[in-house]
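Residues in the sequence shown are numbered from 1 upward in steps of one, following our numbering. Have a look at the structure below, then the notes.
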Amino acid sequence: MQIDIQALNLPLNGATQGHIKRRLGFALSTHDDHIQRVVVRLSDVNGPRGGEDKCCQIRVVLPHLADVVIEDTEVELATAIDRAADRAGRTVARRLARQRDRGRSTGSLRLLPLNDLPELN
């Protein structure tokens with residue numbers, strides 16, 4: 001899984017990058033073979049004024065499906081990352097399950113009357 005991390009108006013250090021990779025690895029690892037790329041954008045909306053303004057946007061690119069885009073804004077950047085990663089993991093799992101279920105239901109199902117069933121010996 002390719003992870004691209006971008007920071008706008010925020011310093012990006014090794015600890016933050018490691019935290020993002022660990023959280024995404026935990027949240028998305030079961031579906032790693034279905035994920036083409038993950039883009040994480042971190043931003044400080046209000047700049048130095050403070051407030052609930054640390055934003056984490058996660059875009060998960062899935063082949064043959066619409067991208068999963070999750071955004072969370074919190075006071076603490078780590079909290080925004082954690083919540084967005086958890087939501088991204090659940091959303092990706094749900095999308096892939098729907099795709100898998102649609103693939104199963106495309107076959108035709110033929111029902112036979114009880115008297116037309118073959119005899120079992």
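Positions of the beta carbon are idealized from the N, C-alpha and C atoms, including for glycine.
First through last residue of the alpha helix (DSSP H) which encompasses T16: Here the alpha helix (DSSP H) through T16 covers G14 to L28.
Quick check: is any heavy atom of the ligand ZN less than 7 Å from the C-beta of L24? With respect to the ligand ZN, the structure offers nothing, as it holds no ligand at all.
Determine, for L62, whether the minimum Cβ-Cβ distance to residues of chain D falls below 8 Å. Here chain D cannot be found, since the structure has a single protein chain.
Below 8 Å, how does it come out for the stretch 18 to 36 and the stretch 83 to 93: are there three or more Cβ pairs, yes or no? Because the criterion of three Cβ pairs below 8 Å is met, the stretch 18 to 36 and the stretch 83 to 93 touch.
Determine the DSSP secondary structure at D53, reduced to helix, strand or coil. coil
Name the residue from L96, A84, G47 and D82 whose alpha carbon lies nearest to the alpha carbon of L65. L96
Q17 versus R100, R94 and A78, residue with shortest Cα-Cα distance: A78
What separation, rounded to the nearest whole angstrom, lies between the Cα atoms of V68 and A84? 11 Å
What ranges does the beta strand (DSSP E) occupy inside the stretch 28 to 94, keeping only unbroken runs of at least 3 residues that lie completely in it? 37 to 44, 54 to 61 and 68 to 74
Would you mind working out which of L62, R22, V61 and R41 sits nearest L71, comparing C-alpha positions? The amino acid occupying residue 71 in the given sequence is Glu; Leu does not appear at that position. Here the closest residue by C-alpha is R41.
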